[in-house]
Amino acid sequence: MSKINDPELALTGKQKIEWVKDFMPALTKIGQELKEKRTFAGRKIGMSIHMEAKTAYLALILKEAGARVYATGCNPLSTQDDVAAGLASLGVQVYAAHGVSENLYRQHLRKVLQNQPDLIIDDGGDLLETYCKLPEDAKWTVIGGCEETTTGIIRLKKRERAKTLPFPMMDINDACCKHYYDNRFGTGQSTWTAIMDTTNVLVAGKTVVVAGYGYCGKGIAMRARGMGADVIVTEVDPVKAIEANLNGFRVMTMDEAAPLGDFFITATGCKDVITARHFMVMKDNAFLANSGHFDVEINLDDLASLAYSSSERRENITGYVLEGGRTLNVLAEGRLVNLAAGKGHPAEIMDMSFSLQALGLECLIKHCGELENKVYVLPDYLDQKVADIKLDAMGIRIDHLTQDQADYLNI
Ligand code: NAD
Ligand code: SAH
């Protein structure tokens with residue numbers, strides 16, 4: 010039995026799922042291939058990934074290819090109740106509800122695992138960590154899984170080093186068709202869509218401080234500049250700092266940037282990027298948002314202890330009033346703003362990320378029994394396959410090497 014908030018929302022949810030299908034041609038094509046091959050016949054797949062329309066389409070593709078699918082979200086705030094209801098009405102077991110407590114969120118992860126999936130899809134590593142915490146006699150053999158995001162991969166590699174990874178995991182994030190587009194262009198667009206919808210204030214002419222100039226940070230900084238903001242980047246990696254500077258951004262420490270920013274956006278995957286000493290010097294009505302994993306980049310405990318009062322000023326905006334009457338506005342409780350206060354990346358972007366997910370699962374089945382309990386990067390030819398299908402769907406043709414050229418390049 011699915012565990013969702015309101016089954017009556019199914020119709021709207023199904024409309025949202027129908028809508029994204031039109032913009033996910035690569036996943037549709039790969040889905041047709043998987044369906045013809047019945048790749049997942051008899052397999053159970055457990056997923057913990059944002060319960061959103063594009064995810065729902067991925068779940069349906071896997072189901073059509075023969076799998077029984079059990080799905081939950083990977084963040085209590087990103088679940089869309091109508092999508093959860095729509096997906097449940099289409100034959101996927103869904104355990105997800107918007108805004109659930111930490112406790113219920115964890116219960117939903119355990120519910121997925123109670124079905125003893127053969128394969129998992131994880132976004133951030135919470136499903137795998139839940140499996141690891143099960144008593145030994147409650148565990149079963151999992152063929153393997155696919156991990157979607159940067160921080161999830163960091164958690165997996167920690168386990169790999171400690172030799173405690175329980176089964177093979179495919180690193181989807183490091184495929185080019187994932188992080189080049191999803192982390193950069195997806196996060197670049199969806200972070201700003203969410204911030205602008207939530208705040209309804211002007212970006213042009215404002216000072217935007219972006220913490221972290223990795224793939225996500227690059228996208229956020231690039232789009233901020235495109236809208237006419239003055240962009241400052243903070244970094245801990247000297248190489249990335251030079252790159253940001255040569256791309257025309259001001260680079261400085263967070264201590265220097267704190268009194269200057271109108272918007273602060275963290276995308277580091279690190280903790281305590283913005284803390285008490287920064288809040289103390291920020292401008293009145295500065296906005297704080299996070300687009301990285303978890304809710305630890307902006308230290309909200311520090312902010313709460315500095316504040317005289319806090320209140321919800323608008324949906325998804327908490328205002329903290331500090332000494333002297335300054336207010337700092339925190340978006341989406343410091344959770345990743347593009348999903349907690351928005352709809353996440355556009356469908357065309359998730360088309361590539363989720364095509365890689367589907368191919369990653371197929372790859373695990375093909376190599377079942379041959380793989381060690383390690384983190385594997387998705388083979389290059391699958392990355393190329395997604396790029397080829399996507400380019401074709403975009404109606405773009407490119408040149409191809411002649412044999413003579415290939416020999417010259419030693420390919
Ligand atoms: P990345 O490794 O490419 O970039 C992170 C950058 O942050 C690095 O350049 C690093 O040097 C820098 N950094 C680390 N600690 C810092 C600190 N204290 N101050 C300033 N800079 C610091 O990673 P990425 O792919 O850009 O992902 C960043 C985070 O966003 C991860 O947690 C990832 O899981 C998450 N993510 C979110 C979305 C989304 O939809 N919001 C999409 C993809 C990834
Ligand atoms: N559990 C973590 C998840 C990190 S989210 C947390 O809540 O903090 C980062 C991932 O979300 C990205 O790698 C991206 O691929 C994925 N994502 C972004 N937009 C999405 C969407 N519309 N639907 C599903 N997943 C999405």
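What the sequence shown shows, in the numbering used here, is residues 10 to 420, in sequence order. The C-beta atom is built at its ideal place from N, Cα and C for all residues, glycine as well.
Original post:
With 16 other CB atoms within 10 Å as the buried threshold, where does P126 fall?
Top reply: Within the sequence shown, residue 126 is the residue found at index 117, counting from 1. Answer is buried; the Cβ neighbour count reaches 16.
Subject >> Endpoints, alpha helix (DSSP H) assigned at M56 >> reply: Locating residue 56 in the sequence shown gives position 47, counting from the first residue. No alpha helix (DSSP H) holds M56; the beta strand (DSSP E) holding it covers 53-57.
Original post:
Taking buried to mean at least 16 other C-beta atoms within 10 Å of its own C-beta, is D246 buried or exposed?
Top reply: Numbered from its first residue, the sequence shown carries residue 246 at position 237. Label assigned to D246: exposed.
Original post:
Just reading off the beta strand (DSSP E) that D401 is part of, what are its end residues?
Top reply: For this step, residue 401 is matched to residue 392 along the sequence shown. That residue, D401, is in no beta strand (DSSP E); its alpha helix (DSSP H) goes 389-402.
Original post:
Is it right to say K142 is buried, meaning 16 or more other beta carbons lie within 10 angstroms of its own, or is it exposed?
Top reply: On the sequence shown, position 133 is the one that residue 142 refers to. Classification of K142: exposed, given that the 10 Å Cβ count is below 16.
Original post:
Going by other Cβ atoms of all chains shown within 10 Å of its Cβ, with 16 needed for buried, is Q102 buried or exposed?
Top reply: If you number the sequence shown from 1, residue 102 lands on position 93. Buried, because 16 or more other Cβ atoms sit within 10 Å of the Cβ of Q102.
Subject >> Coil, strand or helix - L331 by DSSP >> reply: Translated into the one-based positions of the sequence shown, residue 331 becomes position 322. L331: coil per DSSP, three-state reduction.
Subject >> Inter-stretch contact at 8 Å, needing at least 3 Cβ pairs: the segment 314-326 / the segment 359-379 >> reply: no
Subject >> Cβ pair A80, L96 closer than 9 Å >> reply: Within the sequence shown, numbered from 1, the residue matching residue 80 stands at position 71. Within the sequence shown, numbered from 1, the residue matching residue 96 stands at position 87. The answer is yes: Cβ separation under 9 Å.
Original post:
Distance, Cα to Cα, L331 vs L36?
Top reply: Numbered from 1 along the sequence shown, position 322 holds the residue referred to as residue 331. Numbered from 1 along the sequence shown, position 27 holds the residue referred to as residue 36. Cα to Cα, L331 sits roughly 49 Å from L36.
Original post:
Hey, R259 and K227 are a contact pair by Cβ (cut 8 Å); roughly how many whole angstroms apart?
Top reply: Against the sequence shown, residue 259 aligns to sequence position 250. Against the sequence shown, residue 227 aligns to sequence position 218. Not quite, the Cβ-Cβ distance comes to about 15 Å (not below 8 Å), so this is no contact.
Original post:
Counting Cβ pairs, one atom from each stretch, are 3 or more of them under 8 Å apart for the segment 16-23 and the segment 82-97?
Top reply: yes
**OP:** Kindly identify the DSSP beta-bridge partner or partners of K375.
**Re:** In the sequence shown, residue 375 corresponds to position 366, counting from 1. DSSP, once it has assigned bridges, lists no residue as partnering K375.
**OP:** Pull up the DSSP beta-bridge partners for A80, would you.
**Re:** Counting from 1 along the sequence shown, the entry for residue 80 is found at position 71. A80 pairs with M56, V103.
Original post:
Do A106 and K46 have their CB atoms nearer than 9 Å?
Top reply: Translated into the one-based positions of the sequence shown, residue 106 becomes position 97. Translated into the one-based positions of the sequence shown, residue 46 becomes position 37. Contact flag unset, no.
**OP:** Between the Cα of M361 and those of A171, L165, D183, spot the shortest distance and give me the residue it belongs to.
**Re:** If you number the sequence shown from 1, residue 361 lands on position 352. The shortest Cα separation from M361 among A171, L165, D183 belongs to D183.
Subject >> Burial state of W201 (16 or more Cβ within 10 Å) >> reply: Taking the sequence shown and counting its residues from 1, the one referred to as residue 201 is at position 192. W201 is buried by the Cβ-count criterion.
Subject >> Secondary structure of S11, DSSP reduced to three states >> reply: By 1-based counting over the sequence shown, the position of residue 11 is 2. If DSSP states are grouped into helix, strand and coil, S11 belongs with coil.
Subject >> Terminal residues of the beta strand (DSSP E) in which T139 lies >> reply: The sequence position of residue 139 within the sequence shown is 130, counting from 1. Not the beta strand (DSSP E): T139 falls in the alpha helix (DSSP H), residues 135-141.
Original post:
Are the Cβ atoms of A276 and N338 separated by less than 9 Å?
Top reply: Residue 276 sits at position 267 when you count from the first residue of the sequence shown. Residue 338 sits at position 329 when you count from the first residue of the sequence shown. Contact: no.
Subject >> Where T37 sits in the DSSP three-state scheme >> reply: Walking along the sequence shown from the start, residue 37 turns up at place 28. Helix, per DSSP.
Original post:
Taking only runs of the alpha helix (DSSP H) that begin and end inside the segment 147-232, which ones reach a length of at least 4 residues, in chain order?
Top reply: 159-170, 196-208
**OP:** To the nearest angstrom, report how far apart T158 and I58 are at their CA atoms.
**Re:** For this step, residue 158 is matched to residue 149 along the sequence shown. For this step, residue 58 is matched to residue 49 along the sequence shown. Taking the straight line joining both Cα atoms gives about 10 Å.
Original post:
Just to confirm, are T284 and T262 a CB contact at a threshold of 9 Å?
Top reply: For the purposes of this step, residue 284 is identified with residue 275 of the sequence shown, where counting begins at 1. For the purposes of this step, residue 262 is identified with residue 253 of the sequence shown, where counting begins at 1. No, they are not a contact pair.
Original post:
With I163 and D180 assumed to form a contact (beta carbons below 8 Å), what rounded beta-carbon distance in angstroms separates them?
Top reply: Looking up residue 163 in the sequence shown gives position 154. Looking up residue 180 in the sequence shown gives position 171. That belief does not hold up - the Cβ atoms of I163 and D180 are roughly 11 Å apart, past 8 Å.
**OP:** Excluding the 5 residues preceding and the 5 following F363 in the sequence, name in chain order all residues of the same chain whose CB lies nearer than 6 Å to its CB.
**Re:** The residue given as residue 363 occupies position 354 in the sequence shown. If we look at F363 and ignore the five residues flanking it on each side, its Cβ neighbours are L36, L67.
Original post:
What distance in whole Å lies between the Cβ atoms of Y224 and G249, which are believed to be in contact at a cut-off of 8 Å?
Top reply: In the sequence shown, the residue the question calls residue 249 occupies position 240. In the sequence shown, the residue the question calls residue 224 occupies position 215. Note that residue 249 is Lys in the sequence shown here, rather than Gly. Contact doesn't hold; Cβ gap of about 10 Å is too wide.
Original post:
Apart from the five residues just before and just after D304, which ones in its own chain have a Cβ nearer than 7 Å to its Cβ?
Top reply: Mapped onto the sequence shown, residue 304 falls at position 295. Taken in chain order, the residues that qualify are E342, G343, R344.
Original post:
Along the chain, where does the alpha helix (DSSP H) that runs through L96 open and close?
Top reply: By one-based count along the sequence shown, residue 96 stands at place 87. 90-98 is the span of the alpha helix (DSSP H), which, as asked, contains L96.
Original post:
On the three-state DSSP scale, how would you describe T336?
Top reply: Here residue 336 is taken as the residue at index 327 of the sequence shown, counted from 1. In this structure, T336 counts as strand in the three-state DSSP scheme.
Original post:
Is M359 near the ligand SAH, with its Cβ less than 8 Å from a heavy atom?
Top reply: As a first step, residue 359 is located in the sequence shown; it is residue number 350 there, counting from the start. M359: yes, Cβ under 8 Å from the ligand SAH.
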